[in-house]
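Asker:
Chains as they are written, first to last, in our numbering: chain A, 1 to 127; chain B, 1001 to 1845.
(1) Using a Cβ cut-off of 7 angstroms, pull out every chain A residue sitting near residue 1814(B), in sequence order please.
(2) So which residues of chain B does residue 11(A) contact, with C-beta pairs closer than 7 angstroms?
(3) Tell me, please, whether the region 1284–1293 of chain B touches the region 1310–1330 of chain B by the rule of three or more beta-carbon pairs shorter than 8 angstroms.
(4) Quick one: measure Cβ to Cβ for residue 1679(B) and residue 1626(B), integer angstroms, because I've assumed they're closer than 8 angstroms.
(5) For residue 1254(B) and residue 1279(B), which I take to be in contact (beta-carbon distance under 8 angstroms), what is that distance rounded to the nearest angstrom?
(6) Is there contact here, the region 1504–1519 of chain B with the region 55–62 of chain A, by at least three beta-carbon pairs under 8 angstroms?
(7) Does the contact criterion of 3 or more C-beta pairs under 8 angstroms hold for the region 40–59 of chain A versus the region 81–94 of chain A?
(8) Using the three-state DSSP reduction, which class does residue 1568(B) fall into: helix, strand or coil?
(9) Quick one: is residue 1228(B) buried, meaning 16 or more other Cβ sit within 10 Å of its Cβ, or exposed?
(10) Below 8 angstroms, how does it come out for the region 1144–1158 of chain B and the region 1170–1184 of chain B: are there three or more Cβ pairs, yes or no?
(11) Output the boundary residues of the alpha helix (DSSP H) element that contains residue 1191(B).
(12) Where are the beta strand (DSSP E) runs, 3 residues long or more, that stay fully inside the region 1814–1838 of chain B, in chain order?
(13) In terms of alpha-carbon separation, which member of 1157(B), 1275(B), 1205(B) lies closest to residue 1240(B)?
(14) Among 1648(B), 1655(B), 1534(B), 1801(B), which has the Cα closest to the Cα of residue 1683(B)?
(15) Who are the neighbours of residue 187(A) on chain B, taking C-beta pairs under 9 angstroms?
(16) Examine chain A for any beta-carbon lying closer than 8 angstroms to the beta-carbon of residue 1007(B), and answer yes or no.
(17) How would you write the range of the alpha helix (DSSP H) that residue 1030(B) sits in, first residue to last?
(18) Once DSSP output is grouped into helix, strand and coil, what is the label at residue 1928(B)?
(19) Please list, in chain order, the residues of the region 36–59 of chain A that have any C-beta partner in chain E closer than 8 angstroms.
(20) Just the C-alpha distance for residue 1790(B) and residue 1667(B), rounded to the nearest angstrom, thanks.
(21) Can you check whether the C-beta of residue 1518(B) is within less than 8 angstroms of a C-beta belonging to chain A?
(22) Would you call the region 1685–1696 of chain B in contact with the region 1548–1565 of chain B, where contact means no fewer than 3 C-beta pairs closer than 8 angstroms?
(23) If you follow the alpha helix (DSSP H) that residue 1523(B) is part of, which residue opens it and which one closes it?
(24) Using a Cβ cut-off of 9 angstroms, which residues of the region 1525–1545 of chain B contact any Cβ in chain A, in chain order?
(25) Based on the DSSP output, what are the partners of residue 1397(B) in its beta bridges?
(26) Please state if the CB of residue 1127(B) and the CB of residue 1214(B) are separated by a distance shorter than 8 angstroms.
(27) Need the endpoints of the beta strand (DSSP E) that residue 1602(B) sits in, please.
(28) Please return the same chain residues whose Cβ sits closer than 6 angstroms to the Cβ of residue 1104(B), not counting the five positions on each side in sequence.
(29) Using the beta-carbon count (16 or more within 10 Å), is residue 1193(B) buried or exposed?
(30) Would you list the residues sitting across from residue 1246(B) in a DSSP beta bridge?
(31) Cβ closer than 9 angstroms: which chain B residues qualify as neighbours of residue 61(A)?
(32) Hey, how far is the Cα of residue 1080(B) from the Cα of residue 1048(B)?
(33) What residues match up with residue 1344(B) in a beta bridge as DSSP calls it?
(34) Looking at the strands, I want to know which residues DSSP matches up with residue 105(A).
(35) At what residue ranges does the region 1608–1647 of chain B contain a whole run of the beta strand (DSSP E), taking only runs of 3 or more?
(36) Can you have a look at residue 1772(B) and say buried or exposed, based on whether 16 or more other CB atoms are within 10 angstroms of its CB?
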């Protein structure tokens, strides 16, 4: 694990999301203070609405999955797997995220890895 | 202080448990110390769905008692201990294990036992009954060694039991004494159709059989011998030939019982001893034992009401039933056998599809007395309504049971739309397309979206889609789920009442008291909206932030690229040149796309998160305030120029529009609300297409309500005429408060009224005649919102903690590089995908 310090827990919004810039990648970080894991991180880009907005969605649970609903067209993305509940051909990258001594950390290695593979896919599609 | 009385409940079956649950939920529950006896080793479980046990449902899942129910409510339960005797003089109950309790009040919920005919051999090995979980366990054990099973009894329970035997993998027979199946509920033809369908499923049916002896079999464990000389080899024999009330304990202590059993009760569910009640299948009311759970529940509630000093009585129950027996729909309503004097019968028989329907109609042809449906029971709800409420039948009652043609339309609401009506104009999906998707098994909005693409474009038709779905499902006999979402088993209207009455002010509190899970994008904004209309705290208070849609969170309207648009309030559409210049300057400075809206305001597009507070600081300094275009709330009050300038104007429409907009601005409601005021009947403000429309006449203001434009336009209805301003405002206060309280989520006033029983006339009676006595309360509710109005943007920019969110990144001042504009007609617009690619190439190069 290679953790990158992102911000303080007090910068997060309880039961809601914020967006952080980590190694050039937009990461949506959601904070559930009463939840065991506490923080969840996924890519901020909504592949269906095609805009960087997922951090501004409402979070909740659907049939046991912790999800964020895109603020654009309301598709649900699983915070733990990145899967879109409405369209199984769509996923968003998920990143490791933790709280350590009041600081929020994201695993940059994982971010870089997944982001590269996504870029490669996107290039493959456009080519 | 009064001393608590002791209440003893004998029996913890479905009805006994319902009694306990109703009692602890009643306001007067503290009156009693409660003790209950339960003969079985586990507390109440769902006997109605007992056969589910064989398809994998566990005893725990069948349980009707939540963990900790008895402890939390201070109820003492004696499990596995049967109440044995009652000493009425000393008021003492003694149990089989020797527990003695002195009671002040006693409730008998002892239920029933399966009737086993006194046939010789009825107590042989593998001769079982079907009532408790222990019975099911015995059946499972017997099925392991046996091959054939026979149910004695072809009634409701017998068919349930036959399903259980099928599920256990046995060759299944049904033996019935009467000449047909379900003889109580069905007529001869209905019974015959049911038999055909059951036999299609591989069950062998023997009717008109009187069992005279059960003895050793040759190929099976048992052999049944019938009075007509025939025999049937079977391993298991399952008696399901009806129930008998368990009244032995009542009989022994001298309570009055019926000739054929059952503890006699009155309308209060009291027995012949005024301190003892009896409820459920052990009770005999008006010579009748009710073997269904719903009447038992009604008796339980009656006893609770009586014991806690509330109103309530049991005056019989409707025995109409609809169920799926082994996958076959069967329903029976009222006088299914046409025994009433002069009754006439219509019937419809479809041999190919194995459907049978029968209507029993009064001699004058006007009232429905009864009905039988086999194979297809979609009309059940409608028919039951006709029967129970004495609704006059249509001219040709047989239309109610003849097959529907797809283009037929009846009633109002979605039913009034023809099949060709386009529901989703984004994907050109007609009502017909949606209905055929529903017929092929799409029974959720999500399913329909996937199947038809309806409502996957702009989403504007989602409410209409849902109402078509609900109406179609109801037509097909499904129970329509009106729960808000998986987290709240309530409608918005019910939640509003719970919030109001329970003084609930946070989502956490609401979820803890009335919901489950974490919430979602449906219930959270609804809760935020209800809190706002009821308590009117700032929507960005910390406890409310996570509840709001992004538009409410950032007090602006999100556009397709993630930027926002800004709409300051321009009351009544009146704006001075200086204000217009100020608006122009802000637009120019932040390079915003500028457009005039349909509501006589100016919309500024393309603002990024970090720009929003800067823009609003300047707008507020210039004298603007929030226009609430982002909220489900009052939008605009449009007006024509009115009598001040117009040659034809009758009254000052602009003045009234400004006054009304200032009065109701900030009101949060189930959906957006639009007003208009016209200064004369030429109606230049188009008031008749608004939720609230007002037109000046020589005699005063005319008020129109519940109109809208949009995808299903509706003209507003004339509500009252010739009003003075005070009365006009009083009526509007009441209509809007009533709408806020009672409408569904995202339901415009038009749909709200169309779905209201009694429609416009009912609304008039509530608002004008104050039929519900709510008038004053509704006005006070509105006055509270008016008194606590604040400009949400002004409060926000004065509070650093609320401004924290207005950055794209929490840890950087960078902006979103995905937001790219191009120029068109001298203004910006978001770049399209093809343009974006070019842009990226340029940047890379």
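Using N, Cα and C, we set each Cβ at its ideal position, and we do this for glycine too.
Answerer: A quick look at the data gives this:
(1) In chain order: 21.
(2) Residues of chain B passing the Cβ test: 1810.
(3) Judged by Cβ distances under 8 angstroms, the region 1284–1293 of chain B makes contact with the region 1310–1330 of chain B, as three or more pairs qualify.
(4) The Cβ separation is near 27 angstroms, so there is no contact.
(5) At roughly 19 angstroms, the Cβ-Cβ gap does not stay under 8 angstroms, so residue 1254(B) and residue 1279(B) are not in contact.
(6) Touching, per the Cβ criterion.
(7) Contact holds between the region 40–59 of chain A and the region 81–94 of chain A, because three or more Cβ pairs, one in each stretch, are under 8 angstroms apart.
(8) Note: residue 1568(B) maps to strand in three-state DSSP.
(9) It is exposed - the Cβ of residue 1228(B) has fewer than 16 other Cβ atoms within 10 Å.
(10) The region 1170–1184 of chain B and the region 1144–1158 of chain B touch, with three or more beta-carbon pairs separated by less than 8 angstroms.
(11) Segment 1188–1200, the alpha helix (DSSP H) holding residue 1191(B).
(12) Within the region 1814–1838 of chain B, the complete beta strand (DSSP E) runs of at least 3 residues are 1821–1824, 1827–1830.
(13) The shortest Cα separation from residue 1240(B) among 1157(B), 1275(B), 1205(B) belongs to 1157(B).
(14) Ranking 1648(B), 1655(B), 1534(B), 1801(B) by Cα distance to residue 1683(B) puts 1648(B) first.
(15) No statement about residue 187(A) is possible, as the shown extent of chain A runs from 1 to 127 and does not include it.
(16) For residue 1007(B), no CB of chain A lies under 8 angstroms from its own CB, so it is not counted at the interface with that chain.
(17) Residue 1030(B) -> no alpha helix (DSSP H), and no H or E assigned at all.
(18) Past the edges of chain B, shown from 1001 to 1845, lies residue 1928(B), and the structure says nothing about it.
(19) The structure shown contains no chain E; its protein chains are A and B.
(20) Distance from the CA atom of residue 1790(B) to the CA atom of residue 1667(B), rounded to whole angstroms, is 11 angstroms.
(21) Yes, residue 1518(B) lies at the interface with chain A (some Cβ there is under 8 angstroms from its Cβ).
(22) The region 1685–1696 of chain B vs the region 1548–1565 of chain B: no contact.
(23) Counting along the chain, the alpha helix (DSSP H) containing residue 1523(B) begins and ends at 1523–1534.
(24) So the list reads 1525, 1542, 1543, 1545, given in the order they occur along the chain.
(25) BP columns for residue 1397(B) are empty, so no partner.
(26) Yes.
(27) Per DSSP, residue 1602(B) belongs to the beta strand (DSSP E) from 1602–1607.
(28) If we look at residue 1104(B) and ignore the five residues flanking it on each side, its Cβ neighbours are 1005, 1006.
(29) Buried, because 16 or more other Cβ atoms sit within 10 Å of the Cβ of residue 1193(B).
(30) Under DSSP, residue 1246(B) shares a beta bridge with no residue.
(31) For residue 61(A), the chain B residues whose C-beta falls within less than 9 angstroms of its own C-beta are 1486, 1487, 1517, 1518, 1519, 1520, listed in chain order.
(32) One C-alpha to the other measures close to 21 angstroms.
(33) 1361(B).
(34) The partner list for residue 105(A) (beta bridge, DSSP) reads 5(A), 98(A).
(35) Fully enclosed beta strand (DSSP E) runs of 3 or longer: 1634–1639.
(36) Residue burial is scored here from C-beta neighbours: residue 1772(B) has fewer than 16 other C-beta atoms within 10 angstroms and is therefore classed as exposed.
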